[in-house]
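A.B. asks:
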Amino acid sequence: MLVYLTLLFWGALVCLYFKITKKYGSFKAMGIPEYNPKLVAHFQGGSPQLVVRDLELAKLVLIKDFDHFVDRRGLELTQDTEAQKAMGLMLNMLKGDQWKAIRNTLSPVFTSGKLKGMTPIINKLGQDLVKHLEPFAKSGEEFEAKQVMINFTTDVIAECGFGINAQVMLNPNIIRQTMATRKESKAKRNDLIDLVLAALQDDGQGPKEVEDAQFEKDAQIKVKTSFQSIPEEELELHIVSNAFTLFFVGLDTSSTIMSVCSVFLATHPDVQERLYREIQGAIDEHGVQEMPYDRIQTLPYLDMVINETLRHYPLAIMERQCVKDYKFPGYDFVVPEGMVVQVPSPAIMKDAKYFPDPLKFDPENFSEANKAKRSPYAFLGFGQGPRNCVGMRFALLQVKIAIIRLVANFEVLPGPNTSDQLKPSPKS
Numbered sequence: 031m032l033v034y035l036t037l038l039f040w041g042a043l044v045c046l047y048f049k050i051t052k053k054y055g056s057f058k059a060m061g062i063p064e065y066n067p068k069l070v071a072h073f074q075g076g077s078p079q080l081v082v083r084d085l086e087l088a089k090l091v092l093i094k095d096f097d098h099f100v101d102r103r104g105l106e107l108t109q110d111t112e113a114q115k116a117m118g119l120m121l122n123m124l125k126g127d128q129w130k131a132i133r134n135t136l137s138p139v140f141t142s143g144k145l146k147g148m149t150p151i152i153n154k155l156g157q158d159l160v161k162h163l164e165p166f167a168k169s170g171e172e173f174e175a176k177q178v179m180i181n182f183t184t185d186v187i188a189e190c191g192f193g194i195n196a197q198v199m200l201n202p203n204i205i206r207q208t209m210a211t212r213k214e215s216k217a218k219r220n221d222l223i224d225l226v227l228a229a230l231q232d233d234g235q236g237p238k239e240v241e242d243a244q245f246e247k248d249a250q251i252k253v254k255t256s257f258q259s260i261p262e263e264e265l266e267l268h269i270v271s272n273a274f275t276l277f278f279v280g281l282d283t284s285s286t287i288m289s290v291c292s293v294f295l296a297t298h299p300d301v302q303e304r305l306y307r308e309i310q311g312a313i314d315e316h317g318v319q320e321m322p323y324d325r326i327q328t329l330p331y332l333d334m335v336i337n338e339t340l341r342h343y344p345l346a347i348m349e350r351q352c353v354k355d356y357k358f359p360g361y362d363f364v365v366p367e368g369m370v371v372q373v374p375s376p377a378i379m380k381d382a383k384y385f386p387d388p389l390k391f392d393p394e395n396f397s398e399a400n401k402a403k404r405s406p407y408a409f410l411g412f413g414q415g416p417r418n419c420v421g422m423r424f425a426l427l428q429v430k431i432a433i434i435r436l437v438a439n440f441e442v443l444p445g446p447n448t449s450d451q452l453k454p455s456p457k458s
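Just so we're aligned, residue 31 is where the sequence shown starts under the numbering used here, counting upward by one.
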């Protein structure tokens, strides 16, 4: 029986190999050399994939020849429940023209005009963060940074995204309830739901923001055009999925950056002290900690610290799926339709060619002088190209306000369990 099972197992592998060979051919037959410092081919499970290790080739995939690599590898989800259908319509799950339409829908939420309107809300929640942390400062008790930042990010997304000061996870119907309330009360908020509802009803009249006015006008037309092609019975589901995208994608992303950054500040007091001086100087200038949006964008060392945090712990490896056969310039092989191409952002951002002493936490990597020495594509914290993170500016705004409040009000110290060598969770 043991021999039989072993033979059956190997037989399955042989069958799998021939199925792959029939569709893609072997890598050698495709013209990919056994070793190439710029391109590496490998199998992930039963699927052949290509890893792009060269920045110029990565630029082709992510930007210049993006029309060949529009899609991400999607998950195969069943459509048995409404929740599963909504997840399947999330922006990061969509492909082709459907992705383009929904991307155009979400982009207007994150213009500078919209973010300026959200800044007072996030500033208010930043003060709540300070109040939450004060007991820990008084007692000297160690706390888990990630959970604190998840709570803060949840409040920010709930208020800015849905217009409700509530614990979102305790109310799974929050989006539909908010839509119904807005329609009945005609209350206006500067958030995602208002944008979509207004776009569906907009007559083109009414006051417009001066800054970004034309961009937002064009973007709102795109929102309306995008949703006009959707059957009315499916419209609510699309709005729900877009709101879910904002919550699902934004929650872990922002809270992770905040918590990891706080650990780096605790273990690098010289960096924390320099950042404190920059932040305190801006606070002294305005007289209050609630800095306006434009001033928050002019804190260069804060940007350097956040970017260095992202360099050490990027959000994800970037993947693009080839949607039509593609040939890299100077190479003989063809990347077939359907093949996944990876750009290994963690490896690129730890490459000594671009970042000297790459394992050291050093915000000076992002000084203007050092940035000028390397390709702009060496930093891939939020991705590159049309399919980069749609909520990048919103995520950075809440991260900046959280760090400003943290550093302005407290000295962040390492606790008994703090380590500057962070280990990814086995669940990640």
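By construction, the Cβ of each residue, glycine as well, lies at the ideal position given by its N, Cα and C atoms.
These figures come from a predicted structure and were not determined experimentally.
Within 10 angstroms of its Cβ, does R307 collect 16 or more other Cβ (buried), or is it exposed?
C.D. replies: Within the sequence shown, the letter at position 277 stands for residue 307. With fewer than 16 other Cβ atoms within 10 Å, it is exposed.
A.B. asks: In terms of alpha-carbon separation, which member of S405, L124, Q310 lies closest to R325?
C.D. replies: Position 295 of the sequence shown holds residue 325. That would be Q310, whose Cα lies nearest to the Cα of R325.
A.B. asks: Name, in chain order, the residues that DSSP records as bridge partners for F73.
C.D. replies: For this step, residue 73 is matched to residue 43 along the sequence shown. In DSSP, F73 forms a bridge with P78.
A.B. asks: In whole angstroms, what separates the C-alpha of I431 from that of G421?
C.D. replies: By one-based count along the sequence shown, residue 431 stands at place 401. By one-based count along the sequence shown, residue 421 stands at place 391. One C-alpha to the other measures close to 16 Å.
A.B. asks: For the region 152-165 and the region 372-385, state whether three or more C-beta atom pairs, one from each stretch, are separated by less than 8 Å.
C.D. replies: Judged by Cβ distances under 8 Å, the region 152-165 makes no contact with the region 372-385, as fewer than three pairs qualify.
A.B. asks: Does the pairing of the region 390-401 with the region 90-100 give three or more beta-carbon distances under 8 Å?
C.D. replies: In short, these stretches do not touch, since the Cβ pair count stays below three.
A.B. asks: What would DSSP say about E367, mapped onto helix, strand or coil?
C.D. replies: The count along the sequence shown starts at 1 and reaches residue 367 at position 337. Looking at E367 - three-state DSSP - the assignment turns out to be coil, as it is neither helix nor strand.
A.B. asks: From the DSSP secondary-structure annotation, give me the bridge partner or partners of M348.
C.D. replies: Within the sequence shown, numbered from 1, the residue matching residue 348 stands at position 318. Answer by DSSP bridge pairing, in chain order: V373.
A.B. asks: Give me, in chain order, the residues of the same chain whose beta-carbon lies closer than 8 Å to that of E367; leave out the 5 immediate sequence neighbours on both sides.
C.D. replies: Within the sequence shown, numbered from 1, the residue matching residue 367 stands at position 337. So the list reads C352, V353, K354, D355, once near-sequence residues are dropped.
A.B. asks: With the cut-off set at 8 Å, would you say I187 and N272 are in Cβ contact?
C.D. replies: For the purposes of this step, residue 187 is taken as the residue at position 157 of the sequence shown. For the purposes of this step, residue 272 is taken as the residue at position 242 of the sequence shown. Not in contact: I187 and N272 (Cβ atoms no closer than 8 Å).
A.B. asks: Nearest CA to the CA of I347: which residue from G360, V373, T339, L329?
C.D. replies: Position 317 of the sequence shown, counting from 1, holds the residue named residue 347. Here the closest residue by C-alpha is V373.
A.B. asks: Pick from T283, D362, R350: whose alpha carbon is nearest that of L426?
C.D. replies: What you label residue 426 is simply residue 396 of the sequence shown in a count that begins at 1. When each option's Cα is compared against that of L426, the closest is T283.
A.B. asks: Check whether the region 401-410 and the region 70-90 are in contact - that is, three or more C-beta pairs closer than 8 Å.
C.D. replies: Taking 8 Å as the limit for Cβ pairs, the verdict is that the region 70-90 does touch the region 401-410.
A.B. asks: Which runs of the alpha helix (DSSP H) at least 4 residues long sit entirely within the region 384-425? Give them in chain order.
C.D. replies: Those alpha helix (DSSP H) runs which fall completely within the region 384-425 and span 4+ residues are 398-401.
A.B. asks: Under the three-state reduction of DSSP, which class applies to D101: helix, strand or coil?
C.D. replies: Within the sequence shown, residue 101 is the residue found at index 71, counting from 1. Strand, per DSSP.
A.B. asks: Tell me whether the beta-carbon of Q302 lies closer than 8 Å to the beta-carbon of V437.
C.D. replies: On the sequence shown, position 272 is the one that residue 302 refers to. On the sequence shown, position 407 is the one that residue 437 refers to. Yes, these two residues count as a Cβ contact at 8 Å.
A.B. asks: Would you decide whether K144 is buried or exposed? Buried here means 16 or more other CB atoms lie within 10 Å of its CB.
C.D. replies: The residue you call residue 144 lines up with position 114 of the sequence shown. So K144 counts as buried.
A.B. asks: May I have the straight-line CA-CA distance separating T286 from K176, to the nearest angstrom?
C.D. replies: Taking the first residue of the sequence shown as position 1, residue 286 is located at position 256. Taking the first residue of the sequence shown as position 1, residue 176 is located at position 146. Each residue's alpha carbon lies about 7 Å from the other.
A.B. asks: Whole angstroms are fine: how far does the CA of V293 sit from the CA of K125?
C.D. replies: Translated into the one-based positions of the sequence shown, residue 125 becomes position 95. Translated into the one-based positions of the sequence shown, residue 293 becomes position 263. Rounded to whole angstroms, K125 to V293 spans 37 Å at the Cα level.
A.B. asks: According to the neighbour-count rule (16 or more other Cβ atoms, all chains shown, within 10 Å of its Cβ), is T184 buried or exposed?
C.D. replies: As a first step, residue 184 must be located in the sequence shown, where it is residue number 154. Buried: at least 16 other Cβ atoms inside 10 Å.
A.B. asks: In chain order, what residues of the same chain have a beta carbon less than 8 Å from the beta carbon of R304, not counting five sequence neighbours either side?
C.D. replies: Reading the sequence shown from its first residue, position 274 is the one you call residue 304. So the qualifying residues of the chain are Y331.
A.B. asks: When you compare only the Cα positions, how much space is there between A296 and T149?
C.D. replies: If you number the sequence shown from 1, residue 296 lands on position 266. If you number the sequence shown from 1, residue 149 lands on position 119. So the two alpha carbons sit approximately 26 Å from each other.
A.B. asks: Using 10 angstroms around the beta-carbon of D392, count the other beta-carbons present and answer buried if the total reaches 16, otherwise exposed.
C.D. replies: In the sequence shown, residue 392 corresponds to position 362, counting from 1. With 16 or more Cβ atoms within 10 Å of its Cβ, D392 is classed as buried.
A.B. asks: Look up Q361 in the DSSP assignment and say whether it is helix, strand or coil.
C.D. replies: Walking along the sequence shown from the start, residue 361 turns up at place 331. A quick correction: the sequence has Tyr, not Gln, at residue 361. It is coil, neither helix nor strand.
A.B. asks: Measure from the alpha carbon of P165 to the alpha carbon of each residue in V290, N439, P299, P446, then state which is nearest.
C.D. replies: Against the sequence shown, residue 165 aligns to sequence position 135. When each option's Cα is compared against that of P165, the closest is N439.
A.B. asks: What are the start and end residues of the alpha helix (DSSP H) that includes N153?
C.D. replies: Walking along the sequence shown from the start, residue 153 turns up at place 123. That run of the alpha helix (DSSP H) goes 142-169.
A.B. asks: Sorted by chain position, which residues of the same chain lie with C-beta nearer than 7 Å to T339's C-beta, five sequence neighbours on each side aside?
C.D. replies: For this step, residue 339 is matched to residue 309 along the sequence shown. So the list reads I287, V290, C291, F294, once near-sequence residues are dropped.
A.B. asks: Work out the CA separation of T328 and M334 for me, nearest whole Å.
C.D. replies: What you label residue 334 is simply residue 304 of the sequence shown in a count that begins at 1. What you label residue 328 is simply residue 298 of the sequence shown in a count that begins at 1. Near 11 Å, if we compare the C-alpha coordinates of T328 and M334.
A.B. asks: Checking 8 Å against the spacing of the C-beta atoms, do I194 and Q414 come in under that value?
C.D. replies: Numbered from 1 along the sequence shown, position 164 holds the residue referred to as residue 194. Numbered from 1 along the sequence shown, position 384 holds the residue referred to as residue 414. No, the pair does not count as a contact, with Cβ atoms beyond the cut-off.
A.B. asks: Using a 10 Å radius around the Cβ and a threshold of 16 neighbouring Cβ atoms, would you call L389 buried or exposed?
C.D. replies: Translated into the one-based positions of the sequence shown, residue 389 becomes position 359. Exposed, since its Cβ has fewer than 16 Cβ neighbours within 10 Å.
A.B. asks: If I follow the unbroken alpha helix (DSSP H) through R341, where does it start and stop?
C.D. replies: In the sequence shown, counting from the first residue as 1, residue 341 sits at position 311. 330-342 is the extent of the alpha helix (DSSP H) around R341.
A.B. asks: In whole angstroms, what separates the C-alpha of E394 from that of E214?
C.D. replies: Residue numbering aside, residue 394 sits at position 364 when the sequence shown is read from its first letter. Residue numbering aside, residue 214 sits at position 184 when the sequence shown is read from its first letter. For E394 and E214, the distance between alpha carbons rounds to 52 Å.
A.B. asks: Going by other Cβ atoms of all chains shown within 10 Å of its Cβ, with 16 needed for buried, is Q428 buried or exposed?
C.D. replies: Sequence index remark: in the sequence shown, residue 428 carries index 398 (1-based). By the 10 Å Cβ count, Q428 comes out buried.
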